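Report on the following structure.
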Amino acid sequence: MHAAGRKRKRIETFGVNKKYRGMGQSVGPVSASSSQEEGYSGMLSVFPAPVLEEVFVNVPPEEVVCVCRLVCREWKEVADSAALWRERCRRYRFRPHDITRLPTDWRLFYFLCKKRRNLIKNPSADEGLNGWQILENGGDKWSIEPLSEPRPDGTATKYFVTSYFPCKKCQLIDLVKEGYSQSFMDEIQPDIVISDWYAPRRDCGSKYEICVELLSRNKKVIRKFCPEPVYFEQWNDQKWQQMTHVFRDYGRGVRFVRFCHGGKDTKFWKGWYGIRVTNSSVEICPSAPV
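For the record, in the sequence shown the residue sitting at position 287 is 287 according to full-length UniProt numbering, with numbers rising by one throughout.
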């Protein structure tokens, strides 16, 4: 018998060797019908759950959910296990702000930490006024201008600018539609971080206002951040400034965030000499800062 034949014979012999039966090992080819009847998963059941968990921790999370968990019953159990996603959170240093309020769904907690993003649509005027509800449009109304001086936060290229009578605009963010379930918001109560960049013109005085509210399902105010208006004198340094606030421990029932800001110039000059705003943001931050 030539070498290839002997090798093939050894493989076939290994497939029925009783020594390996009952050890979670594959025992050679099995028909599709018998596999379904016996719940057989071939070589996939070779690895103990802790080994599979360690493998999955090093696989991109989207592939764990969309590919690995569809392979067989054993893989699905590991891919869905709280232990796997809790370990992923540990390695990425994702942890709740309050250790007394641990996630009931560690996989959801992991993905929401990983996918943290700005929930404000069109924050920097790249799409005109799309996405914004205009509450006040006084004077010569809202306008949009390009940024020529250093950009706030290094990203914005345009800004919204107000006129000589009050201009105010608003966005209402539906947290459930954005992927933050009612149970997640109530159990975890993640930090809600708001930010807004604003600046006056150098040659004209102006006024800046902001008000951010956390609302219930019925749009009742649970918490709000409405600081005193900021005034700038004429011939100021024209620097961009950032307004920030963190909502924390706000209780159960938050379903919406309403973000409103605006202002005007204080000289009543025709045109657009009022406060300028850009790069607004609202972020849900489930994980405590490292």
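Where a beta carbon is used, it is the ideal one built from N, C-alpha and C, also for glycine. Nothing here was measured: the structure is a model prediction, and the numbers come from that model.
Backbone CA spacing between residue i and residue j [nearest angstrom]
i: Y180; j: A125; result: 26 Å
i: Q182; j: V176; result: 7 Å
i: I99; j: F109; result: 13 Å
i: R86; j: A49; result: 15 Å
i: F94; j: F111; result: 10 Å
i: E283; j: H97; result: 15 Å
i: D174; j: S287; result: 21 Å
i: F268; j: S163; result: 8 Å
i: L214; j: Q234; result: 35 Å
i: R276; j: K158; result: 10 Å
i: Q241; j: R73; result: 55 Å
i: V71; j: F184; result: 29 Å
i: E145; j: Y273; result: 11 Å
i: T104; j: D203; result: 55 Å
i: R223; j: R116; result: 22 Å
Cβ shell of residue i (< 6 Å), same chain only, five flanking positions each side left out
i: E53; result: V78 and L84
i: R107; result: W85
Per-residue DSSP class, three states only, for residue i
i: D153; result: helix
i: E127; result: coil
i: R223; result: strand
i: W197; result: strand
i: D186; result: helix
i: Y231; result: strand
i: V257; result: strand
i: C170; result: strand
i: F160; result: strand
i: F247; result: strand
Cβ pair residue i, residue j closer than 8 Å
i: T266; j: K207; result: yes
i: S281; j: R255; result: no
i: L135; j: C260; result: yes
i: K270; j: C167; result: no
i: F56; j: V64; result: yes
i: P200; j: F232; result: yes
i: R101; j: I188; result: yes
i: D153; j: W197; result: yes
i: K76; j: W132; result: no
i: E209; j: G138; result: no
Proximity test, residue i beta-carbon vs the ligand GTP heavy atom, cut-off 7 Å
i: R69; result: Questions concerning the ligand GTP fall outside what the structure shown contains, since it holds no ligand whatsoever.
Same chain only: Cβ atoms within 7 Å of residue i, ignoring 5 sequence neighbours per side
i: N130; result: N122
Sequence-distant residues of its chain with Cβ nearer than 8 Å to residue i (five each side left out)
i: T155; result: S124 and N279
Q) For the UniProt domain "F-box" (41-88), which segments carrying the alpha helix (DSSP H) assignment without a break, of at least 4 residues, lie completely within its bounds, in sequence order? A) The alpha helix (DSSP H) runs of length 4 or more contained entirely in the UniProt domain "F-box" (41-88) are, from start to end of the chain, 49-57, 61-66 and 73-79.
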